[in-house]
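Residue numbers (the numbering used here): 2 to 287. All C-beta atoms in this analysis are idealised placements derived from N, C-alpha and C, irrespective of residue type, glycine included. Quantities reported herein were computed from a predicted structural model and do not represent experimental measurements. Remarks on the structure that follows.
Below, the structure is given as structure tokens:
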């Protein structure tokens, strides 16, 4: 149905004129429209309710997380366990971990594929704080990458430079050893023995940490973080056993939240498919 004369793709209206379309009477059209309008309203109402429930599930977890790490002498309650902060010690980030700078390399070192993989800022999903391996950067296999420049289990990968301020300071928890390096715009945070690595990761997901990062990047042209700046971040640290208990409860709540998110997202997707199916059946002339 396209005209290809002179290389220009145009619609051939003569061909369209040959298509037979069956129209019901005007009164029947109005009835169909009224039914579809009502159906669409109901679908939208159900979708809105599912989206609200989805957001409520996320908000509940974030609320518990932020209350747990609120930087003041208070009681954090996740409706299951009360954490009294009377014995929490104020620490600077630089006192409880080691910072490792990312691997630097030149543009000419980049190749299409090799055994040397380098993780960059795009490999941290901003919405989930999980590693994303969908787009990997490769450098020449002849380059020897030091073990210190590879991500390791129980460390935390952090973005220290980005064109977008929203991505500055984002983190991902490394759950196992990977043979992957991390690039020059990234850093690796390796916790000392006094702090449970997953506990520190949850701190990095708190609003207190985000406020700190926002203060550091408040200038117009600031798009990088220095380790010396990050080292000044203050937070409260309980004893190691208490850290592990808190992490266990946050892990459990996080898992429950993710299950709810899957349920509500499936419902939203199902409603969209139902709407598409009903409209198709309504106007299917075959």
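If you draw a straight line from the Cα of residue 220 to the Cα of residue 37, it comes to about 51 Å.
A residue is called buried once 16 or more other Cβ atoms fall within 10 Å of its Cβ, and residue 62 is buried on that count.
In the structure shown, the three-state DSSP call for residue 185 is coil. Taken in chain order, the complete beta strand (DSSP E) segments of 3 or more residues contained in the stretch 97-177 are 98-102, 117-120, 138-140, 157-160 and 172-174. DSSP links residue 225 through a beta bridge to 162. Residue range 90-93 is occupied by the beta strand (DSSP E) that includes residue 91. Across the set 109, 239 and 172, the C-alpha of 109 shows the shortest separation from the C-alpha of residue 144.
Taken in chain order, the complete beta strand (DSSP E) segments of 3 or more residues contained in the stretch 204-272 are 235-238. The criterion of a C-beta distance shorter than 7 Å is satisfied by residue 48 and residue 269. Rounded to the nearest angstrom, the gap between the Cα atoms of residue 166 and residue 94 is 21 Å. According to the DSSP secondary-structure assignment, residue 192 is paired through a beta bridge with 98. Collapsing the DSSP output to three states places residue 28 in a helix.
The C-beta distance from residue 176 to residue 154 rounds to 7 Å, short enough to meet the 8 Å contact threshold. Within the model, the alpha-carbon separation for residue 126 versus residue 88 is close to 34 Å.
Around the beta carbon of residue 113, fewer than 16 other beta carbons lie within 10 angstroms, which makes this residue exposed.
The DSSP-derived three-state label of residue 21 is coil. One alpha carbon belongs to residue 208, the other to residue 52, and they sit about 23 Å apart.
Closest in alpha carbon position to residue 124, among 224, 184, 45 and 202, is 184.
DSSP, reduced to helix, strand and coil, places residue 38 within a helical segment of the structure shown.
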